[in-house]
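If you're matching positions, the sequence shown starts at 236 in this note's numbering and goes up one per residue.
Beta carbons: idealized from backbone N, C-alpha and C, even for Gly.
Being a predicted model, the structure only gives us computed values, none of them experimental.
One structure is given here, and the rest of the page talks about it.
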Amino acid sequence: MARVIDRPGLADFLRRRRELLRPADVGMPPGVRRRTPGLRREEVALLAGVSTDHYTRLEQARGSAPSESVVTSLARALRLDPTERDHLFHLAGLAAPRRHGSGHISPGLIAIATRLVDVPIAIVSDLGEVLWHNALLATLFDWEDPGPGVGRNLVWVWFTDPRARERFPEEARARLTAAHVGDLRATAARRAGDQDVTTLVEDLRRDSPEFREHWDRHEVGVRQSDRKDMTHPEVGLIRLRCEVLLTPDAEHALHAFFPIEGTDAREKLDLLRVIGAQRFEPTP
């Protein structure tokens, strides 16, 4: 397929993004007699490692088509976020690079999580790794952070450690098993070829015949709401609904466990908050 470049759109987008930046945004001194808003063309060219003439021609909607490496450098120089970078690639007639999973959690997501103090909360990566959780979730699941490695990956633990299923009713385990695999399938489709995805899938296929059987069914789907009934050793059966809030790039998900209305789950969660507070009180 022939490459189609939106030259006027590319020129306009580059100019507008350049004018939004200030020298201080990119670590440059302010200088004197700055008559143009934002950065100068030669400054963007310097940051991107391209000639001023080549960049100027792009802003004038003429000249040769920018290469993938030039577009990547311009996106970095202009401090574009992932969505803006993808748009720049689109205007240049190029396929946007795949987005890779990241352990960095946005401050906004953390702010939401810390305000939900009366329900168990976990922030999970697109591979199922628990990146953050509140104290109530730790009490509910008796979760102790094992540190870096597969021990904090929910999919890995579900298929390799029988204790992960003990608190869930027998009739719910098959559904949760399929859901774990479907979520991971969706990530593998979105981030096809990424090494961290490939390694996790290969290791699970090697170590879990059950995972291998489900994986080969090619069932895919992303959970955004799920029933999570579970039995806690100190308060008994708790009926919860897990709501999943996905970030726009689908790299992270906030899992919030709300009590099912009409049950005693609210009272039991309140009791677990007390139990958790007592458990983590410092010893005099």
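Take residue i and list the residues in its own chain whose beta-carbon comes closer than 8 Å to its own, dropping the five residues that flank it on each side.
i    : result
A500 : I473, R474, L475, P494
V285 : V305, S308, L309
Could you say which of the options lies nearest to residue i if we only look at CA atoms?
i    : options                : result
R535 : E445, W393, N388, D353 : Here the chain covers residues 236 to 519 and nothing more, so residue 535 does not appear.
L282 : A424, L313, A427       : L313
A414 : D442, E496, V455       : V455
A296 : V390, G471, I240, E445 : I240
L315 : R253, E406, V390       : R253
N388 : G471, E445, L435, D247 : L435
A259 : E437, E278, F324       : E278
R292 : P265, R250, I347       : R250
E294 : D505, P243, T307       : P243
H339 : E406, D484, E502       : D484
R462 : V432, C477, D247       : C477
Short check: CB of residue i to CB of residue j, under 7 Å?
i    : j    : result
P404 : D464 : yes
L274 : L256 : yes
T395 : D442 : yes
T374 : G511 : yes
H490 : A357 : yes
Apart from the five residues just before and just after residue i, which ones in its own chain have a Cβ nearer than 6 Å to its Cβ?
i    : result
R402 : M465, T466
A488 : V359, V479, L481
Taking only the alpha-carbon atoms, compute the straight-line gap between residue i and residue j and give it to the nearest angstrom.
i    : j    : result
T412 : D429 : 23 Å
D451 : D418 : 14 Å
R276 : L366 : 41 Å
L344 : S460 : 18 Å
A327 : V416 : 36 Å
E379 : R400 : 16 Å
P208 : R425 : The structure shown does not extend to residue 208, since the chain spans only 236 to 519, so no value can be given for it.
Just mark residue i as buried or exposed, buried being the case when its beta carbon has 16 or more other beta carbons within 10 Å.
i    : result
T422 : buried
G384 : exposed
H449 : buried
R408 : exposed
D361 : buried
R238 : exposed
P519 : In this prediction, P519 has a pLDDT of 42, which is less than 50 and means its spatial position is unreliable; what the coordinates show is noted afterwards. Exposed, because fewer than 16 other Cβ atoms sit within 10 Å of the Cβ of P519.
Does the CB of residue i have a neighbour CB from chain D at under 7 Å?
i    : result
E445 : Among the chains in the structure shown there is no chain D, since it carries only a single protein chain.
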